[in-house]
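Notes to accompany the following structure.
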Amino acid sequence: MGFVLPVLAALFAACSNALATVLQRRAALTVPQSRGFRPGLVLDLVRRPVWLVGMFAVVAAGVGQAVALATGPLSLVQPLFVLELPLALLIASLFARRHLPRAQWLAVAAVVVGLGVTLVALAPTGNRTDVPLDRWIPTLAAGGGAVVALAAAGLRHPPGRMRAACLGLATALCYALTAALMKSAVHALDGGGPEAFLTAWETYGLVVTGIAALLLFEHAMQGGPLVASQPALTLGDAGTGLVLGVLLYEEHVRTGWWLLPALLGVVLITAGVFTLARSSPPEGVD
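For the sequence shown, the residue numbers in mature numbering (1 follows the signal peptide of the UniProt record, and there is no 0) are -20 to -1, 1 to 266.
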């Protein structure tokens, strides 16, 4: 089976997250915008049925991601979430009953092909299950500091693209940290059962980062257009996940001349994402 199961599970999670993004974005636009951080935003959104459906999609995505992380390397699973942006735009276009223009289809193809080239070139391997605390502490400290700085920078701007991009990137860091913690927690569950899962500090760590990601995500969706927040979110999540897989879990990627096709893949992904971000979104996306 190799990495077939983690890839399929990650693709399912990416599709579910894309659906959740569109639904939660639509719900976020129905509540008044606020200049500051407002935890009560979730209480307003929970009254919207479309937001609740979006949360069911988030739960489904979490299950798929847990399966993927339990059976495959973090540096393989998280980059697959770069597909969320094209998937979100495709889903949004279906809701709006409009076709994507040819330029956006080409951009979607660039993202898909670029992702495939990058992953084949890097060939991430390894599935370490334990990470010493002396690696976690600086990682969580640096990640938490970056999240706070990005959130503060975003909230200093009025609603618009800059605010959405900063909050989207902060959300991406939280997602990547949550995935890294989830990988350890899931292996605790697999190795020691429910008791080991409930006594592992990583379980409570992922709850904290997950809640932070949810709050930041809703403010990113409310704070500006989807085409500003989603690229920062998906690219940031994929890139950070790859780095965390190598640094924390000692996963391996190919180097040497393999970096040339990997770089080409990254260029294709970036070009596709920014083309999608600059393109006029279909109704219901922006």
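Every residue gets a Cβ at the ideal spot worked out from N, C-alpha and C, and that includes glycine.
None of the values given here were measured: they were computed from a predicted structure.
### Query
Is T105 helix, strand or coil by DSSP?
Your numbering for residue 105 matches position 125 in the sequence shown. Of the three classes helix, strand and coil, the one that applies to T105 here is strand, per DSSP.
### Message
Counting C-beta neighbours from all protein chains within 10 Å, is the total for R15 16 or more, i.e. buried, or is it exposed?
### Response
Within the sequence shown, numbered from 1, the residue matching residue 15 stands at position 35. Its pLDDT being 47, under 50, R15 is placed unreliably by the model, and the measurement read from it follows with that caveat. Burial is judged here by how many other beta carbons sit within 10 angstroms of a residue's own beta carbon; R15 has fewer than 16 and is exposed.
### Query
Would the segment 119 to 136 and the segment 176 to 184 be scored as touching if the rule is three or more Cβ pairs under 8 angstroms?
In short, these stretches do not touch, since the Cβ pair count stays below three.
### Task
Measure from the alpha carbon of E230 to the alpha carbon of each residue in V127, T105 and S209, then state which is nearest.
Locating residue 230 in the sequence shown gives position 250, counting from the first residue. The shortest Cα separation from E230 among V127, T105 and S209 belongs to T105.
### Message
Measuring only the C-alpha atoms, how far is A72 from L63?
### Response
Here residue 72 refers to the residue found at position 92 when the sequence shown is read from its first residue. Here residue 63 refers to the residue found at position 83 when the sequence shown is read from its first residue. Taking the straight line joining both Cα atoms gives about 14 angstroms.
#### Entry: Residues of its chain near A40, where Cβ-Cβ distance is below 7 angstroms and the 5 sequence neighbours each way are ignored
Residue 40 sits at position 60 when you count from the first residue of the sequence shown. Cβ within range, chain order: S(-5).
### Query
Between I196 and T158, is the Cβ-Cβ spacing less than 7 angstroms?
In the sequence shown, the residue the question calls residue 196 occupies position 216. In the sequence shown, the residue the question calls residue 158 occupies position 178. What sits at residue 196 in the sequence shown is Leu, not Ile. Cβ distance not < 7 angstroms, so L196 and T158 don't count as in contact.
### Short Cβ contact (7 angstroms threshold) for P211 with A257
Indexing the sequence shown from 1 puts residue 211 at position 231. Indexing the sequence shown from 1 puts residue 257 at position 277. It is a contact, given that the beta carbons lie within the stated cut-off.
### Query
How is H137 classed by DSSP in three states: helix, strand or coil?
Residue numbering aside, residue 137 sits at position 157 when the sequence shown is read from its first letter. Note: H137 maps to coil in three-state DSSP.
### Query
Who are the Cβ neighbours of P241 in its own chain at under 7 angstroms, not counting the five residues just before and after it?
Along the sequence shown, one-based indexing puts residue 241 at 261. Taken in chain order, the residues that qualify are V97 and A101.
### Query
According to DSSP, is H199 helix, strand or coil?
Locating residue 199 in the sequence shown gives position 219, where the first residue counts as 1. Helix at H199.
### Query
Who are the near neighbours of L239 in its chain, counting only those whose CB is closer than 8 angstroms to its CB and skipping five residues on each side?
As a first step, residue 239 must be located in the sequence shown, where it is residue number 259. Answer for L239: A101, listed in chain order.
### Message
Would A48 and A(-11) qualify as a contact pair, given that the criterion is a beta-carbon distance under 7 angstroms?
### Response
On the sequence shown, residue 48 is found 68 positions in, with the first residue counted as 1. On the sequence shown, residue -11 is found 10 positions in, with the first residue counted as 1. Against a cut-off of 7 angstroms, the Cβ pair of A(-11) and A48 comes out as a contact.
### Query
What residues in its chain sit with their C-beta under 6 angstroms from that of G245, if we drop five residues either side in the sequence?
For the purposes of this step, residue 245 is taken as the residue at position 265 of the sequence shown. Answer for G245: G94, V97 and T98, listed in chain order.
### Query
G245 lies in the alpha helix (DSSP H); which residues open and close that run?
Here residue 245 refers to the residue found at position 265 of the sequence shown. Its alpha helix (DSSP H) spans residues L239 to R258.
### Query
Using the beta-carbon count (16 or more within 10 Å), is G148 buried or exposed?
As a first step, residue 148 is located in the sequence shown; it is residue number 168 there, counting from the start. By the C-beta density criterion, G148 is buried, having at least 16 other C-beta atoms within 10 angstroms.
### For H79, the residue or residues it bridges with in DSSP
The residue you call residue 79 lines up with position 99 of the sequence shown. According to DSSP, which records beta bridges pairwise, H79 is partnered with nothing at all.
### Query
Per DSSP, which one or two residues make a beta bridge with H167?
Here the question's residue 167 lines up with position 187 in the sequence shown. Partner(s): none; H167 has no beta bridge.
### Message
Would V57 and P(-15) qualify as a contact pair, given that the criterion is a beta-carbon distance under 7 angstroms?
### Response
As a working mapping, residue 57 is identified with position 77 in the sequence shown. As a working mapping, residue -15 is identified with position 6 in the sequence shown. Result yes, Cβ atoms of V57 and P(-15) sit closer than 7 angstroms.
### Query
Can you give the Cα-Cα distance for A(-1) and M201, rounded to whole angstroms?
Mapped onto the sequence shown, residue -1 falls at position 20. Mapped onto the sequence shown, residue 201 falls at position 221. The straight-line gap from Cα to Cα measures roughly 11 angstroms.
### Task
Inspect the beta-carbon positions of A133 and C146 and report whether they are closer than 7 angstroms.
Numbered from 1 along the sequence shown, position 153 holds the residue referred to as residue 133. Numbered from 1 along the sequence shown, position 166 holds the residue referred to as residue 146. The beta carbons of A133 and C146 sit closer together than 7 angstroms.
### Euclidean distance between Cα positions of P59 and R28
The residue you call residue 59 lines up with position 79 of the sequence shown. The residue you call residue 28 lines up with position 48 of the sequence shown. Those two C-alpha atoms are separated by around 31 angstroms.
### Contacting residues, own chain, Cβ-Cβ under 6 angstroms from L169 (five flanking each side not counted)
For the purposes of this step, residue 169 is taken as the residue at position 189 of the sequence shown. Cβ neighbours of L169 beyond the five flanking positions: F177.
### Query
Can you tell which of L222, R5 and A89 has its C-alpha closest to the C-alpha of V253?
Mapped onto the sequence shown, residue 253 falls at position 273. Per the Cα distances, A89.
### Message
Taking the beta carbon of P81 as the centre, do at least 16 other beta carbons fall within 10 Å, making it buried, or is it exposed?
### Response
As a working note, residue 81 is residue 101 in the sequence shown. Label assigned to P81: exposed.
### Task
Find the nearest neighbour of L222 within the set L153, S55, P112 and V43, judged by alpha-carbon distance.
On the sequence shown, position 242 is the one that residue 222 refers to. Looking at the Cα atoms, S55 is the closest of the given residues.
### Task
Give the range of the alpha helix (DSSP H) segment to which T51 is assigned.
Taking the first residue of the sequence shown as position 1, residue 51 is located at position 71. Unbroken alpha helix (DSSP H) run through T51: P29 to T51.
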